[in-house]
Amino acid sequence: MDDSLLNEVIACLPRERTQFCYFKDQYAIYLLKQYLYTATKGDIHSIKQSKLKKLLDKPLVKDTLKNSGNGRLELAQLESLWSTQTEHYVLTLGKWGHKKRYSWNQTSRPGANLVLQLNLSNQFDAMFKAVTGSHLNRLTTSAHPKSRKRMATLAWARLDMDFNTDEILIEEIQSDLIRDLEYTYKRALSAGSDNEMHVYWSRTTLDRNKVAAYCENVIAEQKKIWSEAMMAATLWFAQQELGFSKIYYHTFDTGKVMKKINGSAPPRSLYTDLPEKFCFETTKQAPQFIANDAKAKRRLKAANNPEWFLLAS
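Quick note on the working numbering: the sequence shown kicks off at 1 and runs consecutively.
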């Protein structure tokens, strides 16, 4: 999108810290609530006939359905659902890309992306600093859009949008941190017979057992949930904060062409399993603001049988 629009969007959004709490399968509750807000029929039978039917099988939802003697799922039932195993994140905003460098920045059209960043709590950074003397963001590359306000960015989503067409495109969802923690964990385990290890991002000698223990703990807590939490935060942000009703997401093959990814491809599951889990549907129709952009249109023509994921409310 245009830089001026991007700056305007950021200026209109809350500047204080935005907390985002998430637990496993919470997205199912959110999507069902969105359905009930607009549905003419809230009976369970109608939900079972919709694209959301698989959400009714999630354990938390399934348990609450046992109390639906009238055959209806009520908002009040969903509002009361919670888990004791809840992760506490902080959302921040950033910018990515430039009109003149859009091929390198992997944006589908010239311009910039709004970045929604999912950050771990300060506790994770404090523990990492106690072990390594560095902030957690020091572990990951500065060439990617991690937060400048928080020190422990878990993941991010890059977004392009057009308020005139009521469309927002999720360009990518990514985490450098999990990958780099796994690499550091393997290095710590193979650092040799003594208890010391050296890494380029720290000027001090590190205790490899403490490094390995930290990495193992964060990986165990976050690896299985980060992409789910990031997508859930993105949908909430796009719908509740920005007001979009049509949310697009790249398919794996079309996304590689549109973003001109010629090297290492992203994990396929992020562009197959993840959107399917969130009840996106495939469509041949590209976002209008992409189809109407001259340079994006050329890339679109180069794609073989282009498809997109779409979640419309």
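Note that CB positions come from ideal geometry on N, CA and C, so glycine has one too. Only a predicted model underlies this, so the values are computations on that prediction, with no experimental measurement involved.
A distance of 7 Å or more separates the beta carbons of Leu-311 and Thr-234. Beyond the five residues adjoining it in sequence on each side, Lys-100 comes within less than 8 Å, by CB distance, of Pro-110 in the same chain, given in chain order.
In the structure shown, the three-state DSSP call for Met-127 is helix. In the three-state scheme derived from DSSP, where H, G and I count as helix and E and B as strand, Arg-148 is classed as coil. Secondary structure of Phe-23 (DSSP, three-state): coil. For Glu-87, the uninterrupted beta strand (DSSP E) segment begins and ends at 87-96. For Ala-286 and Met-161, the gap between their C-alpha atoms comes out near 13 Å.
DSSP places Leu-310 outside any alpha helix (DSSP H); the residue lies instead in the beta strand (DSSP E), whose first and last residues are 308-312. In the DSSP assignment, Leu-78 falls within the alpha helix (DSSP H) that extends over 75-79. Burial is judged here by how many other beta carbons sit within 10 angstroms of a residue's own beta carbon; Asp-57 has fewer than 16 and is exposed. Cβ contact annotation for His-144 (same chain, cutoff 7 Å, sequence separation greater than five): Asp-176, in chain order. Comparing alpha-carbon positions, the option among Cys-12, Asp-253, Cys-215 and Arg-158 lying closest to Gly-243 turns out to be Cys-12.
Inter-residue distance for Pro-14 and Leu-118 is about 16 Å (C-alpha atoms, whole angstroms). Closest in C-alpha terms to Gly-255, from the list Gly-263, Glu-221 and Ala-303, comes Ala-303.
Counting only runs of 4 or more residues that sit fully inside the region 35-62, the alpha helix (DSSP H) segments are 44-48, in chain order. With respect to the 7 Å criterion, Ser-121 and Phe-23 are not classified as neighbours on the basis of their beta carbons. Judged by DSSP in its simplified three-state form, Leu-177 adopts helix. Runs of the beta strand (DSSP E) lying entirely within the region 210-260 and spanning at least 3 residues, in chain order: 246-250. Using a Cβ distance threshold of 7 Å, Ile-247 and Ala-238 count as a contacting pair.
Put simply, the region 275-290 does not touch the region 83-99. Fewer than three CB pairs are less than 8 Å apart. According to DSSP, Gln-117 shares a beta bridge with Thr-92 and Trp-156. With a cut-off of 8 Å on Cβ pairs, the region 164-184 is in contact with the region 215-225, counting three or more such pairs. CA-CA distance, Thr-272 to Ile-173, rounds to 12 Å.
Contact between the region 32-41 and the region 52-69 is present, with at least three C-beta pairs closer than 8 Å. Counting along the chain, Glu-8 sits inside the alpha helix (DSSP H) bounded by residues 3-12.
Linking Gln-106 to Gly-97 through their CA atoms gives a straight-line distance of about 8 Å. In the three-state DSSP reduction, Asp-273 falls in the helix class (H, G or I).
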